[in-house]
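Okay, so here's the structure we're looking at.
Protein chains: 2
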Amino acid sequence: MDKSTSGSPIPERVLLGPGPSTVDGRVLRAMSRPLIGHLDPEFLQLMDATQKMLRQVMGTDNRMTFAIPGTGSAGMEASIVNLVEPGDRVVVAVCGVFGARLAEQARRNGAEVVTVEGEWGAPVDPAAVAEAIVAGDTKVVAVVHAETSTGVLQPLDEIIAAAHAQDALVVVDAVTSLGGHPVRLDDWGVDVCYSGTQKCLSCPPGLAPVSFNDRALECVKNRSTPVRSWYLDVGLLDGYWGQDRAYHHTAPISMAYALHEALLMVCEEGLDARHQRHRRHHLGLVAGLEAMGMRMQVENPEHRLWSLNAVRVPEGVDEASVRSELLTRFGIEIGGGLGPLAGQIWRFGFMGASSTENNVLLVLAALEAALHSQGVAAAPGAGVAAAIEALATD
Amino acid sequence: MDKSTSGSPIPERVLLGPGPSTVDGRVLRAMSRPLIGHLDPEFLQLMDATQKMLRQVMGTDNRMTFAIPGTGSAGMEASIVNLVEPGDRVVVAVCGVFGARLAEQARRNGAEVVTVEGEWGAPVDPAAVAEAIVAGDTKVVAVVHAETSTGVLQPLDEIIAAAHAQDALVVVDAVTSLGGHPVRLDDWGVDVCYSGTQKCLSCPPGLAPVSFNDRALECVKNRSTPVRSWYLDVGLLDGYWGQDRAYHHTAPISMAYALHEALLMVCEEGLDARHQRHRRHHLGLVAGLEAMGMRMQVENPEHRLWSLNAVRVPEGVDEASVRSELLTRFGIEIGGGLGPLAGQIWRFGFMGASSTENNVLLVLAALEAALHSQGVAAAPGAGVAAAIEALATD
């Protein structure tokens, strides 16, 4: 057969984009173990252990805490498709790509969608969301905790309080926060939460951790129309993940091995230590970028994600050329902007195993070198120097 | 943290159930390579090479031939959700679990579903399906080529001809046939086909190869309502897999490495040789089982799958105990029956790398040993002897 199908060898990359993040060799080795069946007693034990660790990491006792067999966006769709019925009023906070995606998915499920828009680079105003919630018979409120497209950390407490005062359910997107920022579903009163594996959990992409509390499951049970998706129907998924262990789909065995090992590593590090590590390297990176004369897309430091750092591209710089030089010369992947921010920002993911002191220093030095080679007037070394200072004081 | 989360080591298993099948070490090693980004130029090349090989294996020139980021059932849902709109008439041939699942998915999409039922263990009568097609304004005809729950190979030509005479689109489930039986979409005139990776392609579960021809894509384009699933919307997926390379979801990178390598191995073996290998070991196994006095669930040899062999459990035998002994004493996984066949059949998957001469002899010998230890009167060695004869003459 045509040998051109074989492709080239996979290059080494330093993964500092919006995901996937670096995956530890221990997780890769666990993933590559020989397969066993998805109903094998040994596999069912691994599922149990995975659920137990997911509950710890998500800060919840929710029984129905498990992994959807798809990527983060499948987790989003699972959350929406199970709760929303045609005609339901759904309020969505939108200040980036993923809020907009939530609104689109709710619309496709026949919801009456009310979006509360915010500037791309700041959280959505919680008071405005609260106002939208009380303006009608709201059933679901959906909000992105960590907006990957802008680097914004959204405050949740006021929104959750307003939703619960109206008896509405709260869906939270924690794709880019889980494992990097505190996420405490039960303390916060989140009803449904979804995430992805390829961000701060540092597992390959392909599974979506989700959690439904009893209130949310009750809502699913009381639907007057069937869940439109068979694949993502939480009632059917409960048959497999719950006591019955009934066949539903063939679980992605290798991905399940990987998630199990990645969660073990999260638990071994400890959540507090892991969050602080993300914070420390975020502060070091920001100090370096600002010392290079750049401006963060998110102005208020309190609203900046530790896991995803969005910075304005300096005037007159060809952002795509810089990214391309980082990739081809240094093997470093960073992200560009999406939607209205395309061409205007760079996104530096410091998630999970990618969030290291080495990577802070390396990417700043490489960025200085790339700007220098593209003839941008700057003082090479300033960014690295500032990061060294910041890392030393923290 | 609690050490009890770490679980036990993964045991070695001989995988002769309905999937997953054995995955070659070469595929496991490819899967465990370090990750690169899902928009990395090197990854896009790997996607191109994967599409090219998928087209070869599926016997099609369809541009839109790619891998859905989910298991085989997500491939099924992608096929249905894109073609079906509320009120559409959909005819489904049902003689097992997966035909019934197709009907259920079509119903959840608001279709007017007409099922044509067949006995579990024989194909659905093509003439009855043709009759159902002409009885109304049929838009989609869905049929399972290889029914994993019964071991039936469904003849397709008469059904496809009847559908096309009415201008209806044909969806074919090739989950358990692709890579083990000939599948030639373009020669046969199949409009949409989906499969899974964990059967005769011998790749871990987690991706669903699908193919849409231009006629099917035209139908999607002309919908009057939006596709209900955002995650599985083929128009959006085309944005990522097609020329634009626009971000949609984060591709399951490691699974994509695995599928690429598994397809390389299929292409290196050659499709004809691979199909003949599946046929040969099927005939050897059947000879052995029949020599042991057992009866195949599918009476007509022409309608038996080579990849999935369903045999009636002998009267008076506790089928679960035998399966359990095979698993715990010999490390061999076989499948039980589903739905109305629960407790009545065993299913032996000989798919991809699991379809070997060694496995034919091993599973027959182990089954003889298990029946012997459970006190079933039989002549040990008879099954193995018959298989040796059959393998020698073929």
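Protein chains in written order, with the working numbering: chain H, 1 to 394; chain A, 1001 to 1394.
For glycine and all other residues, C-beta sits at the position ideal for the given N, C-alpha and C.
- Under the 10 Å beta carbon count, Asn213 of chain H is surrounded by 16 or more other beta carbons and is classified as buried.
- At a C-beta separation below 7 Å, Met1031 of chain A has these neighbours in chain H: Met31, Ser32, Ser254.
- Under the Cβ criterion of 8 Å, Arg1228 of chain A is counted among the residues facing chain H.
- With contacts defined as CB atoms closer than 8 Å, His1281 of chain A and Glu1158 of chain A fail to qualify as a contacting pair.
- For Leu1338 of chain A, the closest Cβ of chain H is nearer than 8 Å.
- In this structure, the CA atom of Leu1371 of chain A is about 10 Å from the CA atom of Pro1314 of chain A.
- The shortest C-alpha to C-alpha distance from Gly1019 of chain A to any of A:Glu1268, A:Gly1343, A:Ser1202 is the one to A:Ser1202.
- Take the alpha-carbon of Leu1028 of chain A and the one of Gly17 of chain H: they are about 26 Å apart.
- In the three-state reduction of the DSSP assignment, Tyr194 of chain H falls in the strand class, which pools E and B.
- At a cut-off of 8 Å between beta carbons, Gln198 of chain H contacts chain A.
- By the criterion of a C-beta distance shorter than 6 Å, Gly335 of chain H is surrounded in its chain by Gly17, Pro18, Arg347, once the five residues flanking it on both sides are discounted.
- Residue environment analysis places Thr1225 of chain A among the exposed positions, since fewer than 16 neighbouring C-beta atoms fall within 10 angstroms of its C-beta.
- Using a 10 angstroms sphere on the CB of Lys1199 of chain A, the tally of other CB atoms reaches 16 or more, which defines it as buried.
- Closest by C-alpha distance to Pro123 of chain H, out of H:Val298, H:Leu232, H:Thr393, H:Ile80, is H:Val298.
- The beta carbon of Val1129 of chain A lies closer than 6 Å to those of Ala1093, Val1116, Ile1159 in the same chain, with the five residues before and after it left out.
- Contact note: Ser1073 of chain A reaches chain H through Pro69, Trp230, Tyr231, His248, His249, Thr250, using a C-beta cutoff of 9 Å and chain order.
- Counting only runs that start and end inside the stretch 1053-1137 of chain A, the beta strand (DSSP E) elements of at least 3 residues fall at 1064-1068, 1089-1094, 1112-1117.
- Near chain A, meaning a CB-to-CB distance below 9 Å, no residue of the stretch 298-311 of chain H qualifies.
- When the Cα atoms are used, Ile1010 of chain A and Thr1071 of chain A turn out to be separated by approximately 22 Å.
- By the Cβ rule, the stretch 1043-1057 of chain A does not count as touching the stretch 1082-1098 of chain A, because fewer than three pairs are nearer than 8 Å.
- Burial of Glu147 of chain H is indicated by the presence of at least 16 other C-beta atoms within 10 angstroms of its C-beta.
- With 16 or more other Cβ atoms inside 10 Å of its own Cβ, Lys1139 of chain A counts as buried.
- In this structure, Ser195 of chain H sits near Ala208 of chain H, with a CB-CB distance shorter than 8 Å.
- The DSSP assignment places 1308-1312 as complete runs of the beta strand (DSSP E) inside the stretch 1241-1314 of chain A, in order along the chain (cut-off: 3 residues).
- Taking C-beta atoms under 8 Å as the contact rule, Trp1230 of chain A and Glu218 of chain H fail to qualify, at a distance of about 25 Å.
- One thing to note: Ala1390 of chain A has its Cβ within 8 Å of the Cβ of Leu1283 of chain A.
- For Leu178 of chain H, no alpha helix (DSSP H) encloses it, and the DSSP letter there is neither H nor E.
- Proximity to Asp125 of chain H across H:Arg101, H:Gln154, H:Val134 peaks at H:Gln154, based on C-alpha coordinates.
- In the DSSP assignment, Ala208 of chain H falls within the unbroken beta strand (DSSP E) covering 208-212.
- Counting every other CB atom within 10 Å of its CB across the protein chains shown gives Arg1089 of chain A a total of 16 or more, marking it as buried.
- Out of A:Ala1165, A:Val1220, A:Met1076, A:His1278, the CA that lies nearest to the CA of Ala1174 of chain A is found in A:Met1076.
- With a cutoff of 8 Å on beta-carbon distance, Ser1149 of chain A and Val1097 of chain A are scored as near each other.
- Closest by C-alpha distance to Trp1120 of chain A, out of A:Asp1191, A:Pro1252, A:Leu1338, is A:Leu1338.
- In terms of CA proximity to Gly1343 of chain A, A:Ala1310 leads the group A:Ala1310, A:Ser1354, A:Ser1355.
- Within the same chain, and ignoring the five residues on either side of Ile388 of chain H in sequence, no residue has its Cβ closer than 7 Å to its Cβ.
- Annotated three-state conformation of Lys1139 of chain A is strand, per DSSP.
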